[in-house]
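Converting from the sequence shown to this note's numbering requires adding 1 to each position, the first position being numbered 1.
Glycine included, every Cβ here is placed at the ideal spot set by N, Cα and C.
Input: a single structure, listed below in structure tokens.
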Amino acid sequence: MRCTKIIATVGPASRQPEALSALLAAGVDVFRLNFSHGTHAAHAEAYQAIRAAATSAGRHVAIMQDLSGPKIRTGPLGPGGPLALIEGAELRIGAGDRAGEAGRVFTPYGELVESAQPGDRLLLDDGRIELRVTGREAGELVTVVVNGGTLGGQKGINAPGVRLPASAITPKDEADMRFGLELGVDLVALSFVQTGEDLRRARAIADGGGHRAPLIAKIERPAAVDNLPEILREAQGVMVARGDLGLEMPLERVPGVQKAIIRQARAAGRPVIVATQVLESMRVEPRPTRAEVSDAANAVNEGTDAIMLAGETAVGAFPVRAVQTLDRIIREAERLPSERIVPAIGTVDSRHGRALCEAAVTLAATGEADAIVAVTRAGKTARLLAALRPPAPVFAATSSPAVAGWLSLLWGVTPIVTEVRDADGLGRRLLEGRLIRPESTVVFINVSPDLARTDGNFLNVRKIV
Numbered sequence: 002m003r004c005t006k007i008i009a010t011v012g013p014a015s016r017q018p019e020a021l022s023a024l025l026a027a028g029v030d031v032f033r034l035n036f037s038h039g040t041h042a043a044h045a046e047a048y049q050a051i052r053a054a055a056t057s058a059g060r061h062v063a064i065m066q067d068l069s070g071p072k073i074r075t076g077p078l079g080p081g082g083p084l085a086l087i088e089g090a091e092l093r094i095g096a097g098d099r100a101g102e103a104g105r106v107f108t109p110y111g112e113l114v115e116s117a118q119p120g121d122r123l124l125l126d127d128g129r130i131e132l133r134v135t136g137r138e139a140g141e142l143v144t145v146v147v148n149g150g151t152l153g154g155q156k157g158i159n160a161p162g163v164r165l166p167a168s169a170i171t172p173k174d175e176a177d178m179r180f181g182l183e184l185g186v187d188l189v190a191l192s193f194v195q196t197g198e199d200l201r202r203a204r205a206i207a208d209g210g211g212h213r214a215p216l217i218a219k220i221e222r223p224a225a226v227d228n229l230p231e232i233l234r235e236a237q238g239v240m241v242a243r244g245d246l247g248l249e250m251p252l253e254r255v256p257g258v259q260k261a262i263i264r265q266a267r268a269a270g271r272p273v274i275v276a277t278q279v280l281e282s283m284r285v286e287p288r289p290t291r292a293e294v295s296d297a298a299n300a301v302n303e304g305t306d307a308i309m310l311a312g313e314t315a316v317g318a319f320p321v322r323a324v325q326t327l328d329r330i331i332r333e334a335e336r337l338p339s340e341r342i343v344p345a346i347g348t349v350d351s352r353h354g355r356a357l358c359e360a361a362v363t364l365a366a367t368g369e370a371d372a373i374v375a376v377t378r379a380g381k382t383a384r385l386l387a388a389l390r391p392p393a394p395v396f397a398a399t400s401s402p403a404v405a406g407w408l409s410l411l412w413g414v415t416p417i418v419t420e421v422r423d424a425d426g427l428g429r430r431l432l433e434g435r436l437i438r439p440e441s442t443v444v445f446i447n448v449s450p451d452l453a454r455t456d457g458n459f460l461n462v463r464k465i466v
């Protein structure tokens, strides 16, 4: 059984029902809806198609809404089309939504014009073009082209080292989040998180609408790296979003920062996702590069819970093959166990719950159990078991489809939606679903905060026949 989960982004190459079914068969555990693109109607259609494909496949998969966040972009261009930026030439950047022209472009993000200072670097179009700020005149930045190229409209701007005041939640994000939660997404990923306050604000928005979902903080700015302990206290998971992170800090620092984020997230008992350019060459090629294979395998060895494919499945020429390839890479990498990092005591709700989960993992290892079954209401027991990285697969029995969706992200956890809570009934369910073989040894665990309950807080092991 593969423990590290695969997230696939839905897009023009993968939103058709037959493509979604093929991606599920290839091994996708979570589908990502990227709200940086597309309309609410298109996302609703994709959501329904994913749910239908999962039902047909008899699978519980999570749907993650990825909010666009305060992404800084250039505005549209005028009739002249793309601009040829030559090294040493001047380019002015004004605040507003007017169309750009030769020598001048605009950005709707006026805070950039107010915050950037002479000497600051600006990276356009995923770093392909570099500018240096030389001054500010009449409400616009004056820059000089350091590395030139052809600039199209609506391209991203990264401002490494520039302190930007914006919250991670824009008015568009708030509207998108309310829509996604009403739709029923299982996870919400917040872009450009900088502090724990960003998570608290997102949670308040969710509570105001009467719907909640676990929040995934995308780490893509140096401020988020600096504030990671606070962010981990507020978020239910984190994503190492290496694309913007690699533009906001020196590129050579990203591998070390990725490793540090994974270690801190695991120590906090939070799932962590590694994303961006995992198998980037498979957008156009049927095989990844050897460097990409090594990169994905290293993420597995570092202990990530999930690996996300973006353009590979959204717009790539080989979406299903990309998932199949990543599945094989993960399975091979998991032949060598990753370092065991035990979550800190303060990350769990009760000491007796922590003790029971640790005992379940020890019992499964010493007794060479074939599986651990966690009876869970909100998913906390399954989350702690996943953080402890047991040697046996974890089946999380819950009565809530929403909880089952969230559990689909966790390392080594397979959710089962059922009202059954007793070991005999759950054992039969595993056999009927061919999740275990007859004569399998299974550890059963139930944790309850109420120590007076006679049907809670049990741990036993039995052979399922």
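Proximity of residue i and residue j at Cβ, strictly below 9 Å
{"i": "E231", "j": "G197", "result": "yes"}
{"i": "E102", "j": "G81", "result": "yes"}
{"i": "R264", "j": "A388", "result": "no"}
{"i": "R240", "j": "K260", "result": "Per the sequence shown, residue 240 should be read as Met rather than Arg. Not in contact: M240 and K260 (Cβ atoms no closer than 9 Å)."}
{"i": "V146", "j": "L92", "result": "yes"}
{"i": "G70", "j": "T171", "result": "yes"}
{"i": "L25", "j": "V62", "result": "yes"}
{"i": "A242", "j": "T277", "result": "yes"}
{"i": "G368", "j": "V444", "result": "yes"}
{"i": "A393", "j": "P416", "result": "no"}
{"i": "S409", "j": "V31", "result": "yes"}
{"i": "L427", "j": "T419", "result": "yes"}
{"i": "A58", "j": "L310", "result": "no"}
{"i": "L357", "j": "N458", "result": "yes"}
{"i": "P161", "j": "R122", "result": "yes"}
Own chain partners of residue i with C-beta closer than 6 Å, once the 5 adjacent residues on each side are dropped
{"i": "A23", "result": "V321"}
{"i": "L248", "result": "L124, G128, N159"}
{"i": "E175", "result": "I206"}
{"i": "T5", "result": "V301, I331"}
{"i": "T305", "result": "I263, V273, V275"}
{"i": "A266", "result": "V239, V273"}
{"i": "G12", "result": "A315, V316"}
{"i": "Y110", "result": "I73"}
{"i": "W412", "result": "C4, D306, A387"}
{"i": "Q325", "result": "A27"}
{"i": "A382", "result": "According to the sequence as given, residue 382 is Thr; it is not Ala. Taken in chain order, the residues that qualify are A375, V448."}
{"i": "D245", "result": "E221"}
{"i": "D98", "result": "G76, P109"}
{"i": "V362", "result": "L389, P391"}
Proximal residues to residue i (C-beta, below 7 Å), its chain only, five neighbours per side dropped
{"i": "R378", "result": "T399"}
{"i": "L216", "result": "V189, L191, L200, A203, R204, A236, Q237"}
{"i": "A300", "result": "V275, I308"}
{"i": "A50", "result": "R16, P18, L21"}
{"i": "H212", "result": "L182, E183"}
{"i": "A47", "result": "V11, R16, L34"}
{"i": "H41", "result": "F180"}
Closer than 8 Å: residue i CB and nearest the ligand SAM heavy atom
{"i": "S295", "result": "Judged by which ligands are present, the structure shown has none, so any question about the ligand SAM falls away."}
Beta-bridge partners of residue i, as assigned by DSSP
{"i": "F107", "result": "G95"}
{"i": "M309", "result": "I8"}
{"i": "E102", "result": "R105"}
{"i": "V29", "result": "V29 is not bridged to any residue."}
{"i": "V194", "result": "Answer is none; V194 lacks a bridge partner."}
{"i": "A23", "result": "Paired residues: none, contrary to the question."}
{"i": "F459", "result": "N447"}
{"i": "R122", "result": "R133"}
{"i": "V241", "result": "I220, V275"}
{"i": "I465", "result": "S441"}
{"i": "N35", "result": "D67"}
Spatial neighbours of residue i in its chain, beta-carbon cut-off 8 Å, leaving aside the 5 residues before and after
{"i": "V106", "result": "T75, G76, L78, L84, L92, R93, I94, G95, L152"}
{"i": "A403", "result": "G185, D187, A214"}
{"i": "G136", "result": "P119, L142, V143"}
{"i": "E333", "result": "A298"}
Would you list, in sequence order, the uninterrupted alpha helix (DSSP H) runs of no fewer than 4 residues that lie entirely inside the region 368-451? 381-388, 402-408, 424-433
Specify whether the region 366-384 and the region 445-459 touch according to this definition: at least 3 beta carbon pairs, one from each stretch, less than 8 Å apart. yes
Could you tell me which whole beta strand (DSSP E) segments of length 3 or greater appear in the region 125-154? 130-138, 141-148, 150-152
Mind pulling the beta strand (DSSP E) runs of 3 or more residues that sit fully within the region 158-191? 188-191
Would the region 105-117 count as touching the region 138-145 if we require 3 or more Cβ pairs under 8 Å? yes
Secondary structure, alpha helix (DSSP H): runs of 4+ residues fully inside the region 248-301: 255-268
The region 276-284 / the region 310-318 touching (three or more Cβ pairs under 8 Å): yes
Please specify which runs of the beta strand (DSSP E), each continuous and at least 3 residues long, are wholly inside the region 43-91, giving them in chain order. 63-67, 84-86
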